[in-house]
Each structure stands twice: as C-alpha cells, then as structure tokens.
Amino acid sequence: MGAEEGSKQMNKGELAAAVAGAAGLPAAAAGKAVDAVLDAIAGALRGGDDVRLVGFGTFSVAERPARAGKNPRTGEAITIAASKQPKFSAGKGLKDALNG
Numbered sequence: 252m253g254a255e256e257g258s259k260q261m262n263k264g265e266l267a268a269a270v271a272g273a274a275g276l277p278a279a280a281a282g283k284a285v286d287a288v289l290d291a292i293a294g295a296l297r298g299g300d301d302v303r304l305v306g307f308g309t310f311s312v313a314e315r316p317a318r319a320g321k322n323p324r325t326g327e328a329i330t331i332a333a334s335k336q337p338k339f340s341a342g343k344g345l346k347d348a349l350n351g
C-alpha cells in the first residue's frame, strides 16, 4: 500500500508546525506535545489498551497468529511468527470531515 500518485504527505515536523499555529504555541512546545501524544498512544497499545478519541477514531492492536508461508526466493516452506499489528478505525466525525 503506497500513497496515491499526486497525493501529499505530512511528516511529524509539519504536523507539529500545524499544531503550533492552531494552538498558538511555540514550535518547540508543539513538537514536544506531538511527541507526547504519540508516545502515550504507543504506550497504551503496548499495555494492551485501546485508545478511543471520540469523533476521531480508535487505535487498537490486532493479533496476527503464526502461519505458514514460503520464502519467495527459494520456495522453501517457512513459519511466519505470530505478531501484533497496530490498527486504526476512523470515527464518525473524521469520516464526516472527509466526506462532508
């Protein structure tokens, strides 16, 4: 999955700059705030909790069981280990903002 051709991407620094402008904060403080939010979400997910932001969406962890696969180079059968994957489900407010 990649970005669609011609689509724009916002990096963490640009997000921090947008937060600084919207909240009237110095850029350094906004950067720390963005880092703190992302760290808090990651920490909650590591601890087995979901993070629900009403109107925006829910961050959760999906358990992926071990499964059989093949090495694409050799065709050899391999076992792919079980893993945890981050998941995001958009909330109604976010969906409405995109489609309204």
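In the working numbering, the protein residues as written are 252 to 351.
Backbone N, C-alpha and C fix where the C-beta goes; we use that ideal spot for every residue, glycine too.
Thinking residue i and residue j are a contact (beta carbons under 8 Å), I'd like their distance in whole angstroms, please.
i    : j    : result
F307 : G344 : 6 Å
A267 : A278 : 7 Å
N322 : I331 : About 10 Å; that fails the 8 Å criterion.
R315 : A333 : 6 Å
V305 : G264 : No, V305 and G264 are not in contact; Cβ-Cβ is about 27 Å, not under 8 Å.
Using beta-carbon positions only, say whether residue i and residue j come within less than 7 Å of one another.
i    : j    : result
Q336 : A313 : yes
A271 : A281 : yes
I292 : V285 : no
By the DSSP assignment, the alpha helix (DSSP H) with residue i in it spans what residues?
i    : result
L289 : 278 to 297
K338 : Element bounds for K338: not the alpha helix (DSSP H) but the beta strand (DSSP E), 334 to 341.
Tell me which residue opens and which closes the beta strand (DSSP E) that residue i is part of.
i    : result
V270 : Note, V270: premise wrong, no beta strand (DSSP E); alpha helix (DSSP H) at 263 to 274.
A313 : 308 to 315
V302 : 302 to 304
R318 : 318 to 321
Can you confirm whether residue i, when its beta carbon is compared against all beta carbons of chain B, has any partner nearer than 7 Å?
i    : result
K335 : Looking for chain B here will not work: only one protein chain is present.
For the ligand NAP, is there any heavy atom lying closer than 6 Å to the beta carbon of residue i?
i    : result
K346 : Among the components modelled here there is no ligand, and therefore nothing to report on the ligand NAP.
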